[in-house]
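K.L.:
So the protein sequences, as listed, match chains A and B.
Heads up: the first sequence begins at 1 in the UniProt record's numbering, then just goes up one per residue.
Heads up: the second sequence begins at 1 in the UniProt record's numbering, then just goes up one per residue.
Take a look at the following structure, please.
2 protein chains.
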Amino acid sequence: MSKQGDEERVLAQLAEVVGCCEPLAREPLSAQQSIELSRVFKAMGDPVRLRLLSLIASHVGGEACVCDLTDVFDLAAPTISHHLKVLREAGLITGERRGTWVYYRVRPELLATVSAVLVPGTAEETLPVVEA
Amino acid sequence: MSKQGDEERVLAQLAEVVGCCEPLAREPLSAQQSIELSRVFKAMGDPVRLRLLSLIASHVGGEACVCDLTDVFDLAAPTISHHLKVLREAGLITGERRGTWVYYRVRPELLATVSAVLVPGTAEETLPVVEA
DNA sequence: TCCTTGGTTCGACACATGTCAAGGTAGATG
DNA sequence: CATCTACCTTGACATGTGTCGAACCAAGGA
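Dropping the structure here:
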């Protein structure tokens with residue numbers, strides 16, 4: 001929330017380093033690229049955070065306040081807050097305070113970037129896969 | 001290699017629990033789904049492992065032996081071996097011994113599954129319709 | 001002003017993880 | 001068999017990470 005600038009920087013850096021849609025199997029990642037990308041995957045490499053992400057993404061209006069999220073887990077509030085911070089610093093979600101509550105929403109563009117890195121089929125031909 | 005059965009089990013379990021291509025934003029992940037999925041992301045949440053993955057995926061013939069991989073990093077052989085094991089146990093790669101060397105290749109179907117979970121409408125045709 | 005509710009930060013703890021040296025296994029070649 | 005190469009496993013260590021209680025901040029009422 002207060003680190004909106006950091007979120008933007010992270011996202012910009014990822015986009016710059018990874019490129020728009022460079023599939024993983026086309027050419028090996030550089031050390032720098034792998035560091036940037038692994039940040040996102042590491043943020044998603046926790047069951048609680050993955051579930052938080054899907055809870056936010058699938059919530060009505062595309063956003064959810066923290067009070068909508070805490071009840072789902074058997075975890076203390078600081079723990080949820082910590083996980084949300086990790087997701088935020090990875091550029092996967094953004095937080096905004098409106099009155100008493102803080103609302104989070106996902107960054108679909110980052111999910112799309114990551115998805116495109118994984119599979120080559122998104123843009124055009126690449127591998128001799130079973131083609132229609 | 002010696003745990004080929006485990007690799008199959010992991011992949012089957014992931015396919016069963018996650019489903020074929022259920023996007024993250026459609027409905028919230030269950031606790032079980034998030035646990036299975038987070039295993040894969042956690043395996044990719046390390047720069048060395050991500051780079052290993054891309055090195056294997058982009059290598060000629062779609063496979064690479066360990067000797068092709070160790071020289072790229074400033075890491076001892078046991079460390080590389082450890083990371084390869086993590087990738088293997090996550091179902092992302094398979095290892096096969098042929099003579100003196102051990103060759104690794106990626107499982108594109110798992111990458112496609114993960115990619116499809118992230119973004120709706122991604123790479124559905126590349127999914128191999130995993131059956132039991 | 002004080003109190004209540006929603007969220008975060010801090011500090012501390014137990015546990016997980018990345019790393020390497022040493023030792024072990026599998027196969028090829030004498 | 002002996003030995004060399006390629007690769008893995010073990011054991012140990014330092015660092016990183018998830019968790020929570022306590023304290024703190026922000027906003028909206030009495």
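C-beta: ideal position from N, C-alpha, C; glycine also.
Using only alpha-carbon positions, find the residue among A:Val66, A:Val60, A:His59 that is nearest to Leu100 of chain A.
P.N.:
The question names Leu, yet the displayed sequence has Thr at residue 100 of chain A. Looking from the CA of Thr100 of chain A, the closest CA among A:Val66, A:Val60, A:His59 belongs to A:Val66.
K.L.:
Can you give me the C-alpha to C-alpha distance between Pro108 of chain B and Leu92 of chain B, rounded to a whole angstrom?
P.N.:
8 Å
K.L.:
How far does the alpha helix (DSSP H) with Ala77 of chain B in it extend, from its first residue to its last?
P.N.:
77-89
K.L.:
Report back the beta-carbon spacing between Asp68 of chain A and Ser38 of chain B to the nearest angstrom; my notes put them in contact at under 8 Å.
P.N.:
Actually they are not in contact, since the Cβ atoms of Asp68 of chain A and Ser38 of chain B sit about 21 Å apart, beyond 8 Å.
K.L.:
Under 8 Å between C-beta atoms, does Lys42 of chain A make it to chain B?
P.N.:
Judged by the 8 Å Cβ criterion, Lys42 of chain A is in contact with chain B.
K.L.:
Answer yes if the segment 49-57 of chain B comes into contact with the segment 24-35 of chain A, meaning at least three C-beta pairs across the two stretches below 8 Å, and no otherwise.
P.N.:
yes
K.L.:
Write down every uninterrupted run of the beta strand (DSSP E) in the segment 18-78 of chain A whose length is 3 residues or greater and which is fully enclosed by it, in chain order.
P.N.:
If we require 3 residues or more, the beta strand (DSSP E) runs fully inside the segment 18-78 of chain A come out as 63-65.
K.L.:
Can you tell me whether Pro23 of chain A is buried or exposed? The criterion is at least 16 other CB atoms within 10 Å of its CB, across all chains shown.
P.N.:
buried
K.L.:
Buried or exposed: which applies to Gly95 of chain A, given that a residue is buried once 16 or more other Cβ atoms fall within 10 Å of its Cβ?
P.N.:
buried
K.L.:
Which residue marks the beginning of the alpha helix (DSSP H) containing Thr113 of chain A, and which one marks its end?
P.N.:
108-118
K.L.:
Alpha carbon to alpha carbon, what distance is there between Glu27 of chain A and Tyr104 of chain B?
P.N.:
16 Å
K.L.:
Going by CA-CA distance only, name the one from B:Glu89, B:Ala116, B:Arg98, B:Arg97 that's closest to Val40 of chain B.
P.N.:
B:Glu89
K.L.:
Leaving aside the five residues before and after Thr70 of chain A along the sequence, list all residues of the same chain whose C-beta is less than 7 Å from its C-beta, in chain order.
P.N.:
Ala77, Ile80
K.L.:
For a contact meaning CB atoms closer than 8 Å, what does Glu96 of chain A contact in chain B?
P.N.:
Residues of chain B passing the Cβ test: none, with the nearest at roughly 19 Å.
K.L.:
Please say whether Ala57 of chain A and Ala25 of chain B have beta carbons closer to each other than 8 Å?
P.N.:
yes
K.L.:
Using the Cα positions of Ala43 of chain A and Ser30 of chain B, report the straight-line distance between them to the nearest angstrom.
P.N.:
18 Å
K.L.:
By DSSP, does Thr100 of chain B sit in helix, in strand, or in coil?
P.N.:
coil
K.L.:
Using the Cβ count rule (16 or more neighbours within 10 Å means buried), how would you classify Val60 of chain B?
P.N.:
exposed
K.L.:
Counting only C-beta atoms, is Arg51 of chain B closer than 8 Å to chain A at any point?
P.N.:
yes
K.L.:
Whose C-alpha, out of A:Val106, A:Arg98, A:Thr113, is nearest the C-alpha of Val86 of chain A?
P.N.:
A:Val106
K.L.:
Give the interface partners of Ala31 of chain A over in chain B, defined as CB-CB distance under 8 Å, in chain order.
P.N.:
Those are Pro47, Arg51, listed as they occur along chain B.
K.L.:
Measuring only the C-alpha atoms, how far is Ala112 of chain A from Leu111 of chain B?
P.N.:
14 Å
K.L.:
Compare the Cα-Cα distances from Leu84 of chain A to each of A:Gly62, A:Pro120, A:Val102 and report the closest residue.
P.N.:
Taking only the C-alpha atoms, the option nearest Leu84 of chain A is A:Val102.
K.L.:
With a threshold of 8 Å on Cβ separation, who are the neighbours of Leu118 of chain A within its own chain once the five nearest residues in sequence on each side are excluded?
P.N.:
Pro23, Leu24
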